[in-house]
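Position 504 (the sequence shown) corresponds to 584 in our numbering; numbering is contiguous. Each residue gets a CB set at the ideal place from its N, CA and C atoms; glycine is no exception.
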Amino acid sequence: MAAALAGLVAVLAFANSLANRFAYDDVHVIVENTALKSLETLPGLIFQPYWPGTFGSALGLWRPGMTAILGLQWAAWDGNPAMFHLVNVLAHAAATVLVVVLVARLSTVPVAFLAGIIFAVHPVHVEAVANVVGLADVLSAALVLAACILHLGAPAHRYGAIRLAGVAALFLAAFSVKESAVTLPAILFLLDAARGRMAPRDLPGYLRGRWHLYATLAAIAVAMLVLRHSVLGSIASALGPLGADRLEGGIPRIWTLAQIWAHYVRLLVLPLDLSPDYAPNVIPIALGWTLLAAVGALLMLGILVLALWAWRSPPLEEGRTTPRILAFGVVWFGIVISPVSNVFFLAGVLLAERTLYLPSVGAAFVGGWLLVSLYRRRRRVALLATTLVVLFMTVRTVQRNPTWRDNDILFGTMIAQYPQSGRSQWVLGDLFLQAGRLSESLRTYRIAVGILGGHYKLLAEMGQNLMNAGHHEAATRLLLKAWRDEPELAAAPVFLAISHHQRGMWPEAERFGRAAFAADPESEVMAHLLAGSLAQQGEIAEAAVWRQRTIALGEAEHWQQWISLAGLHLALEDSVRARAALDSALARRGEVSRSDILEAYRPFTPAREVLQDSTQLQDARGPDASRDVQESGR
Numbered sequence: 081m082a083a084a085l086a087g088l089v090a091v092l093a094f095a096n097s098l099a100n101r102f103a104y105d106d107v108h109v110i111v112e113n114t115a116l117k118s119l120e121t122l123p124g125l126i127f128q129p130y131w132p133g134t135f136g137s138a139l140g141l142w143r144p145g146m147t148a149i150l151g152l153q154w155a156a157w158d159g160n161p162a163m164f165h166l167v168n169v170l171a172h173a174a175a176t177v178l179v180v181v182l183v184a185r186l187s188t189v190p191v192a193f194l195a196g197i198i199f200a201v202h203p204v205h206v207e208a209v210a211n212v213v214g215l216a217d218v219l220s221a222a223l224v225l226a227a228c229i230l231h232l233g234a235p236a237h238r239y240g241a242i243r244l245a246g247v248a249a250l251f252l253a254a255f256s257v258k259e260s261a262v263t264l265p266a267i268l269f270l271l272d273a274a275r276g277r278m279a280p281r282d283l284p285g286y287l288r289g290r291w292h293l294y295a296t297l298a299a300i301a302v303a304m305l306v307l308r309h310s311v312l313g314s315i316a317s318a319l320g321p322l323g324a325d326r327l328e329g330g331i332p333r334i335w336t337l338a339q340i341w342a343h344y345v346r347l348l349v350l351p352l353d354l355s356p357d358y359a360p361n362v363i364p365i366a367l368g369w370t371l372l373a374a375v376g377a378l379l380m381l382g383i384l385v386l387a388l389w390a391w392r393s394p395p396l397e398e399g400r401t402t403p404r405i406l407a408f409g410v411v412w413f414g415i416v417i418s419p420v421s422n423v424f425f426l427a428g429v430l431l432a433e434r435t436l437y438l439p440s441v442g443a444a445f446v447g448g449w450l451l452v453s454l455y456r457r458r459r460r461v462a463l464l465a466t467t468l469v470v471l472f473m474t475v476r477t478v479q480r481n482p483t484w485r486d487n488d489i490l491f492g493t494m495i496a497q498y499p500q501s502g503r504s505q506w507v508l509g510d511l512f513l514q515a516g517r518l519s520e521s522l523r524t525y526r527i528a529v530g531i532l533g534g535h536y537k538l539l540a541e542m543g544q545n546l547m548n549a550g551h552h553e554a555a556t557r558l559l560l561k562a563w564r565d566e567p568e569l570a571a572a573p574v575f576l577a578i579s580h581h582q583r584g585m586w587p588e589a590e591r592f593g594r595a596a597f598a599a600d601p602e603s604e605v606m607a608h609l610l611a612g613s614l615a616q617q618g619e620i621a622e623a624a625v626w627r628q629r630t631i632a633l634g635e636a637e638h639w640q641q642w643i644s645l646a647g648l649h650l651a652l653e654d655s656v657r658a659r660a661a662l663d664s665a666l667a668r669r670g671e672v673s674r675s676d677i678l679e680a681y682r683p684f685t686p687a688r689e690v691l692q693d694s695t696q697l698q699d700a701r702g703p704d705a706s707r708d709v710q711e712s713g714r
């Protein structure tokens, strides 16, 4: 009953998020990802980066389970955002139920219920629940919690095969949805340690009873990391947090990390100010000890000392409360946040509220225990405190949900509340550019670069936006700098190649296209562009090779590619291969009429050649029908 009630509260707290549409990362990952929207192309995305497009590998994200879920949802809901948000809300309710069940196995039902209520309405969860792609955090957390509950039923010295298979399957599913689930083995160890008085001398005996479990989980983790490396070319992101390039150099991270620690505490305890982005200067890169950094360091030190003291209290046990709950919550948070903490390696963000979803279980556990402990001493004070905490968090959550309705509201809120943010200035520059206000756009872009530094993604995306707006010279300057800084990444040379191709600068387009293809040998776009650039320079034989490579890389179903190949073969006076390519185009015409295909082929055909199907050209729509099949692209 307690779990179901907490789940219902979770649904009510986030019900108004059902009016949201697609915002922020939703747009790129879902709306603009055409391959995700077709069940025919969806399987091919499983072994591609989660983030589509040029930055996919560089951002270091591979989430095959999440990709499949989003694609299946698109097919099921026909792109209706309300249904996507309904799935998020229900997943959050399920995670809340699992929090109550888990905590009840480690403490009392009142503690579990209050922990579940805090978790259900916590405002820090808005980004994960109210933004569609936040489902990765919510679903991965639910799977990890389910694995923890299943694990708790295992005897101390025996782990049954069915239980082992269940935990392993949940781990694999959670890992495929979001990589932070890699921490599950450490969480399971924490659960066992917190329920007993495990000393170092007890570890060999413990591992004898659990080695099958940890060996299986280790094998799954290694397999996923190997696959991740094969897809991305690396295990971690090639790019550090936006605006944090200096942390890769000689500046000690501790100054900035201590500020982040202070924000962790603030967001979990008093989440008044929320932000969709924490890039500098929301969290500035500290060049020394600041007041906030000192506060953060002292908070962490004090919390760790308190946790060490609390660990000495009796073990966690169902039906009993103990101060060890405090230690458990602190260690839980530390374990789960570690992949994105920037302590061991630089992650993709300095801080993101969505990454606090599963770590906040530890904070909710501690909060539930504190309120129950207060109730035993001062009932009226405890009831008032509980009411105020739950009411405040619920109201803040309900207020915050509409902020994620769409990009206009989200970016407008971010610019208004955090104008000092480099991300805000970047977004503002994009908006000026879209409005045709170039000078203001360039000015705000310069401000953004001044705050965030020459981060590769920043320069490359600004260059892309300027290129798309027709400001190629300004775009080229930014893209060349990005390319010099990170020559092994593909995005900058890709945009440079496209920019020069659009301007008919064929040798330059070829040069940058070759560099981009060397960085990403699976890019059919660059193969396509190289074929066109070479053909324009009269390098017909090599152009034909690149056109064939384009087809082999995934463009075989597009008849325009085969028509272009047929034209190249005709230029090489190879009529047999030209006819074969034409036949391939006709076989893939889909709903396009045969006469339109032949009309597109006619410009490549010598005047003296008479097509067998010429009588069918009478219905052709005219010379414009072939405009999109020239070498400049589909």
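So, is Leu-371 buried or exposed, given that buried needs 16 or more other C-beta atoms within 10 angstroms?
Mapped onto the sequence shown, residue 371 falls at position 291. Leu-371 should be labelled exposed.
For Asn-211 and Asn-168, I'd like the C-alpha separation in whole angstroms.
For this step, residue 211 is matched to residue 131 along the sequence shown. For this step, residue 168 is matched to residue 88 along the sequence shown. Asn-211 and Asn-168: Cα-Cα distance of roughly 8 Å.
Quick one: residues in its chain with C-beta nearer than 7 Å to the C-beta of Ala-162, no 5 flanking neighbours on either side, listed in chain order?
Within the sequence shown, numbered from 1, the residue matching residue 162 stands at position 82. Excluding sequence neighbours, Ala-162 sits near Leu-98.
Could you check how far apart the C-beta atoms of Leu-610 and Phe-597 are, in whole angstroms? I think they sit under 8 Å.
On the sequence shown, position 530 is the one that residue 610 refers to. On the sequence shown, position 517 is the one that residue 597 refers to. Their Cβ separation, rounded to whole angstroms, is 7 Å, which keeps Leu-610 and Phe-597 in contact under 8 Å.
Measuring only the C-alpha atoms, how far is Glu-398 from Leu-464?
Translated into the one-based positions of the sequence shown, residue 398 becomes position 318. Translated into the one-based positions of the sequence shown, residue 464 becomes position 384. Answer to the nearest angstrom: the Cα atoms are 27 Å apart.
When you compare only the Cα positions, how much space is there between Pro-332 and Ala-338?
Within the sequence shown, the letter at position 252 stands for residue 332. Within the sequence shown, the letter at position 258 stands for residue 338. Distance between the alpha carbons of Pro-332 and Ala-338: 11 Å.
Go to Phe-193, then tell me how far its alpha helix (DSSP H) extends in each direction, as first and last residue.
Residue mapping note: residue 193 aligns to position 113 of the sequence shown, counting from 1. Unbroken alpha helix (DSSP H) run through Phe-193: 189 to 201.
Does the separation of the CB atoms of Ala-449 and Ile-383 fall below 7 Å?
Stepping through the sequence shown from its first residue, residue 449 is reached at position 369. Stepping through the sequence shown from its first residue, residue 383 is reached at position 303. Before going further, note that residue 449 is Trp rather than Ala in the sequence given. Taking 7 Å as the Cβ cut-off, Trp-449 and Ile-383 do not qualify as a contacting pair.
Please give the ranges of any alpha helix (DSSP H) in the segment 204 to 266, keeping only runs that are unbroken, at least 4 residues long and fully inside the region.
Within the segment 204 to 266, the complete alpha helix (DSSP H) runs of at least 4 residues are 206 to 210, 215 to 232 and 241 to 257.
Applying the criterion that 16 or more other CB atoms from any shown protein chain within 10 Å of the CB defines a buried residue, is Ser-644 buried or exposed?
Reading the sequence shown from its first residue, position 564 is the one you call residue 644. Buried.
Who does Glu-397 pair with in a DSSP beta bridge?
For this step, residue 397 is matched to residue 317 along the sequence shown. Glu-397 pairs with Arg-400.
Just confirm the distance between the C-beta atoms of Ala-549 and Leu-513, as a whole number of angstroms; I'd bet it's less than 8 Å.
Residue mapping note: residue 549 aligns to position 469 of the sequence shown, counting from 1. Residue mapping note: residue 513 aligns to position 433 of the sequence shown, counting from 1. So it is a contact: roughly 5 Å between Cβ atoms.
Could you say which of Val-475, Asp-600 and Gly-502 lies nearest to Ala-93 if we only look at CA atoms?
Counted from its first residue, the sequence shown places residue 93 at position 13. Ranking Val-475, Asp-600 and Gly-502 by Cα distance to Ala-93 puts Val-475 first.
Among the candidates Trp-142, Pro-587 and Lys-561, whose CA atom is the shortest distance from the CA of Ile-315?
For this step, residue 315 is matched to residue 235 along the sequence shown. That would be Trp-142, whose Cα lies nearest to the Cα of Ile-315.
Suppose the cutoff is 7 Å on Cβ atoms and the five residues either side in sequence are ignored; what does the same chain contact list for Asn-113 look like?
In the sequence shown, the residue the question calls residue 113 occupies position 33. Same-chain partners within the cutoff: Pro-132.
Touching or not, the segment 151 to 159 and the segment 410 to 423, by the rule of three or more beta carbon pairs under 8 Å?
No, the segment 151 to 159 does not touch the segment 410 to 423.
Distance, Cα to Cα, Ala-324 vs Tyr-239?
On the sequence shown, residue 324 is found 244 positions in, with the first residue counted as 1. On the sequence shown, residue 239 is found 159 positions in, with the first residue counted as 1. For Ala-324 and Tyr-239, the distance between alpha carbons rounds to 45 Å.
Extract the residue ranges of the alpha helix (DSSP H) inside the segment 274 to 345, only unbroken runs of 4 or more that lie entirely within it.
Counting only runs of 4 or more, we get 283 to 312.
Provide the residue span of the alpha helix (DSSP H) that contains Ile-620, from first to last.
In the sequence shown, counting from the first residue as 1, residue 620 sits at position 540. Segment 620 to 630, the alpha helix (DSSP H) holding Ile-620.
Under DSSP, the alpha helix (DSSP H) around Leu-609 begins and ends at which residues?
To locate residue 609, count along the sequence shown from 1; it is residue 529. Looking at the DSSP string, the run of the alpha helix (DSSP H) that includes Leu-609 is 604 to 616.
Report yes or no: do the segment 215 to 235 and the segment 178 to 185 share at least 3 C-beta pairs separated by less than 8 Å?
Yes, the segment 215 to 235 touches the segment 178 to 185.
Once the 5 residues before and after Leu-436 are set aside, which same chain residues still bring their CB inside 6 Å of it?
Position 356 of the sequence shown, counted from the first residue, corresponds to residue 436. Excluding residues within five positions, the ones whose Cβ falls inside 6 Å are Val-204.
First and last residue of the alpha helix (DSSP H) that includes Ala-571?
Reading the sequence shown from its first residue, position 491 is the one you call residue 571. Taken as a continuous stretch (DSSP letters only), the alpha helix (DSSP H) holding Ala-571 covers 571 to 582.
Is it buried or exposed, Pro-356, if we count other Cβ atoms within 10 angstroms and call 16 or more buried?
Indexing the sequence shown from 1 puts residue 356 at position 276. Buried: at least 16 other Cβ atoms inside 10 Å.
Mind checking which residues open and close the alpha helix (DSSP H) that includes Tyr-119?
Walking along the sequence shown from the start, residue 119 turns up at place 39. Residue identity differs from the one stated: residue 119 is Leu in this sequence, not Tyr. Per DSSP, Leu-119 belongs to no alpha helix (DSSP H) and is neither H nor E.
Does DSSP classify Phe-512 as helix, strand or coil?
Here residue 512 refers to the residue found at position 432 when the sequence shown is read from its first residue. Helix, per DSSP.
Which first and last residues belong to the alpha helix (DSSP H) in which Glu-588 is found?
Residue numbering aside, residue 588 sits at position 508 when the sequence shown is read from its first letter. Counting along the chain, the alpha helix (DSSP H) containing Glu-588 begins and ends at 586 to 599.
Below 6 Å CB to CB, which residues in the same chain sit around Thr-336 once its five sequence neighbours on both sides are set aside?
Walking along the sequence shown from the start, residue 336 turns up at place 256. Answer for Thr-336: Ile-365 and Ala-366, listed in chain order.
Should the segment 114 to 123 be called in touch with the segment 189 to 203, which here means at least 3 C-beta pairs below 8 Å?
Output reads no: the segment 189 to 203 does not touch the segment 114 to 123.
Considering only the alpha carbon of each residue, which of Ser-187, His-237 and His-172 lies closest to Glu-207?
As a working mapping, residue 207 is identified with position 127 in the sequence shown. Nearest of Ser-187, His-237 and His-172 to Glu-207, Cα basis: His-172.
Are Asp-217 and Arg-434 close, meaning C-beta to C-beta below 7 Å?
Numbered from its first residue, the sequence shown carries residue 217 at position 137. Numbered from its first residue, the sequence shown carries residue 434 at position 354. Closer than 7 Å, so yes.
With 16 as the cutoff for other CB atoms within 10 Å, does Pro-499 come out buried or exposed?
Within the sequence shown, numbered from 1, the residue matching residue 499 stands at position 419. With fewer than 16 Cβ atoms within 10 Å of its Cβ, Pro-499 is classed as exposed.
Counting beta carbon pairs with one atom in the segment 277 to 295 and one in the segment 232 to 246, are three or more of them shorter than 8 Å?
Touching, yes.
Assess contact between the segment 383 to 393 and the segment 554 to 566, defined as three or more Cβ pairs (one per stretch) separated by less than 8 Å. Is contact present?
Not touching, per the Cβ criterion.
Which full runs of the alpha helix (DSSP H) of 4+ residues lie inside the segment 527 to 556, going along the chain?
As far as the segment 527 to 556 is concerned, its whole alpha helix (DSSP H) runs of at least 4 residues are 536 to 548.
Please classify Ile-110: is it buried, with 16 or more other beta-carbons within 10 angstroms of its beta-carbon, or exposed?
Residue 110 sits at position 30 when you count from the first residue of the sequence shown. Under this definition Ile-110 is a buried residue.
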